[in-house]
Each structure stands twice: as C-alpha cells, then as structure tokens.
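Okay, so here's the structure we're looking at.
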Amino acid sequence: MSYEEIVEVYHKKGVTLDSRPVHSAAATSPAMIDAQQKKPKVPVHAVMTAREPMVRFIGGDDMVHNRELFRVWLQTLAKWHQSGTPWLFLHTPDIAFAPALVDTLWGDLRAALPAAGNAPSIPQQSSLF
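Going by this note's numbering, the first residue of the sequence shown is number 1, and it counts up by one from there.
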C-alpha cells in the first residue's frame, strides 16, 4: 500500500496515526527496530474527519519525549470532545511499556479533558504458571 493510500484510508475512517515518537527515537531495542521498519512514517494532521475520530499514538521507551510529543493532542482532543467522541489508543513497540505510557500521559490528558476520567485499569499478570 502506498503512502497516499494509507493516509486516505486512515482519514476516511477518522484515524490519525502519530508515530513520531517511534521515528524520532534511537532504535535501541529489537521492538523499536521492528516498529521503525513496520510503522508508517506519516505526517500528523490533527483534523476531525469523523464524528468519532481516533488517535493512535505510538510512544517509544523515552517517556519524557513521549510527553513532549503528546502535548499537541491535549487541546485537540479537548476541542474534538466538544463536537464528537474522540477515541485515543496508546501503543508502544514493546507492550511492556504501555502501562508506563498511560501513567505518563493520563494526568495531562485529564487536566486538559476532565471527561477523560480516571486512567483505565491495566490488569497485571501475576505469573505465567
């Protein structure tokens, strides 16, 4: 699929992919190397193209950097909430970092958009056996 086709599909569905944290970080882990090879490097256009727009924010393993890049979404999500129901998906190349990403970003999100409520609970696996 070409870059233009990816952008068109995502915008028609109301999905904005923000992979800036992945592509602006040093590839220091196998998960990050894999993500940099597989995740599309597309410009971020914060345009509400559907009533329920979706933002897929793919953070890296540097939480300070993730927080800096996420700031642009705080006002955007609050604005979109006034006229629709935005969805936010927080991802990391290594799933083990996803809870830390939520912990890092949720306080800022809730301050900008109180309707976001408490951070979702993330179940912990106690053991494999």
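For each residue, glycine too, the CB sits at the ideal point set by N, CA and C. Just so it is clear, the structure is predicted and the values come from calculations on it, not from any experiment.
- Leu17 bridges to which residues according to DSSP? DSSP lists Arg56 as partners of Leu17.
Given a threshold of 16 other Cβ atoms within 10 Å of its Cβ, counted over all protein chains shown, does Ile58 qualify as buried or as exposed? With a 10 Å radius around the Cβ and a threshold of 16 neighbouring Cβ atoms, Ile58 comes out buried.
Exercise for the section: Quick one: residues in its chain with C-beta nearer than 6 Å to the C-beta of Thr92, no 5 flanking neighbours on either side, listed in chain order? Expected result: Cβ neighbours of Thr92 beyond the five flanking positions: Gly59, Ala98 and Leu101.
Please determine, among Ala31, Val42, Met54 and Ala78, the residue with the shortest C-alpha to C-alpha distance to Ala112.
-> Selection Ala31, Val42, Met54 and Ala78 evaluated against Ala112 yields Ala78 as nearest (Cα-Cα).
inquiry  = Cutting at 8 Å between CB atoms, please list the residues of its own chain near Ile33, excluding the five before and the five after it.
reply    = Ala27.
Quiz prompt | Buried or exposed by the 16-neighbour rule on C-beta atoms within 10 Å, applied to Phe89 | solution = By the 16-neighbour rule on beta-carbons within 10 angstroms, Phe89 is exposed.
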